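Below is one structure; the comments refer to it alone.
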Amino acid sequence: MADAATGVVTVNPGYTLGARSAPSTTAPKTRRLANGTRVRIVCQVRGTRVTGRFGTSRLWDKLAAGDYVSDTYVQTGSDGRVAPPCGGDTPPPPPPPPAPAPAADAFHYDDPGAWRGPSSCSGTFTPGAQALRTWLKANYAYTRSIGGYSCRPNTANTSQLSLHAEGRALDWMAAAGKPAQARAVNRFIARVSRDNWRLGRAMGIQELIWNRRIWTATYASSGFRRYTGPNPHVDHIHIGINRAGAAKRTSFYR
Ligand SMILES: [Zn+2]
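Going left to right, the sequence shown walks through residues 1 to 254 as the UniProt record's numbering numbers them.
Set out below in structure tokens:
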């Protein structure tokens, strides 16, 4: 069995090599090693496949400090093993860290995903949008027509899905120019925005567009701003919800 070996970190000029806590490209970085750094390799393991300066390999070097680097960035004089296998079986690479979930009821805006044709659409309202639609119909007049599922790109950015294509947006048809209808919508806005948008956050609302004005969770404290998009939204209010709300993970839906 080979003994511990030494190697030299070899990266492109100006770059550094990230050492990681496990032999995986998704493991947390522990430190950065400069080009030319001499390292002591105590053992080698199989991990994530990496293409580096010395080809493509699953071999990772465990360094004396206890962290790991891909062998493809370490000049050892060999493409194969130069040090013993790390104790026993190779530990499986850790699973990628879960995407951070927004804190419940926080202001949060989720950009829509990429438009890759009709197959990228959700096919129907998300559970949260469906529940919000039912709630609106039960609580407000002039709610006979609430739609908004539509498989199409974002009109403002055609490389993105429309929020409607993700089933995360409702279009409540009400006319801003008809006082009774406008009153119903304005009562809804007053209700969800009260107490720093307590109910709006609980619903996961990330954008409202109504009567030439827009509010987004990204600029929550700026309130409603002038909306100059192609559709003035004078015949409907657009209600977009974030992914937590769409998945019924915010408090309103529990
Ligand atoms: Zn809309």
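By construction, the Cβ of each residue, glycine as well, lies at the ideal position given by its N, Cα and C atoms. Keep in mind it's a predicted model, so treat the numbers as computed, not measured.
Which whole-angstrom value describes the C-beta separation of Gly55 and Thr76, a residue pair presumed to lie in contact below a C-beta threshold of 8 Å? Incorrect: roughly 12 Å between the Cβ atoms, too far for contact.
Please find out if some non-hydrogen atom of ligand 1 comes closer than 7 Å to the beta-carbon of residue 285. The requested residue 285 is not part of the displayed model; the chain covers only 1 to 254.
For the beta strand (DSSP E) that Lys62 lies in, which residues bound it at each end? For Lys62, the enclosing beta strand (DSSP E) starts and ends at 55-63.
Examine the Cβ distances between the stretch 105-115 and the stretch 143-160 and report whether three or more of them are shorter than 8 Å. yes
When you get a sec, list the residues whose CB is within less than 6 Å of any heavy atom of ligand 1, chain order please. Gly148, His164, Ala169, Asp171, His238
Starting from Met173, follow its DSSP beta bridges and name the residues at the other end. His236
Pairwise C-alpha distance: Ile205 and Arg49: Spanning the two alpha carbons is a distance of roughly 41 Å.
Classify Asn231: buried if its beta carbon has 16 or more other beta carbons within 10 angstroms, exposed otherwise. Burial state of Asn231 is exposed, judged by a 10 Å Cβ sphere holding fewer than 16 other Cβ atoms.
What would DSSP say about Met1, mapped onto helix, strand or coil? Residue confidence for Met1 is low, a pLDDT of 47 falling below 50, so the modelled location carries little weight and cannot support an answer.
Nearest-angstrom Cβ-Cβ length linking Val42 and Leu33, presumed shorter than 8 Å: With 8 Å as the limit, Val42 and Leu33 do not qualify as a contact, their Cβ atoms being about 15 Å apart.
Ala4 and Ala65 closer than 8 Å at C-beta: no
Residue nearest to residue 258 in terms of C-alpha spacing, selected from Val9, Leu132, Phe107, Val8: It is not possible to answer for residue 258, since the shown part of the chain is limited to 1 through 254.
So does the stretch 139-146 actually touch the stretch 176-188, counting three or more Cβ pairs closer than 8 Å? yes
Relative to the C-alpha of Phe188, which residue among Ala220, Thr155, Ile239, Tyr149 is closest? Ile239
For the UniProt domain "ARB-07466-like C-terminal" (122-236), which segments carrying the alpha helix (DSSP H) assignment without a break, of at least 4 residues, lie completely within its bounds, in sequence order? 127-139, 179-203
Taking just the CA atoms, how far does Gly177 sit from Pro118? Going from the Cα of Pro118 to the Cα of Gly177 covers about 35 Å.
Of the choices Arg31, Asp79, Thr155, whose alpha-carbon is the least far from that of Gly7? Asp79
Alpha helix (DSSP H) containing Ala246: first to last residue? 243-246
I need the straight-line Cα distance from residue 290 to His108, nearest angstrom please. Here the chain comprises residues numbered 1 to 254, so residue 290 is not present and cannot be evaluated.
Could you have a look at Thr25 and say whether DSSP puts it in helix, strand or coil? coil
Measure the alpha-carbon distance for Ala138 versus Gly229 and round it to whole angstroms. 30 Å
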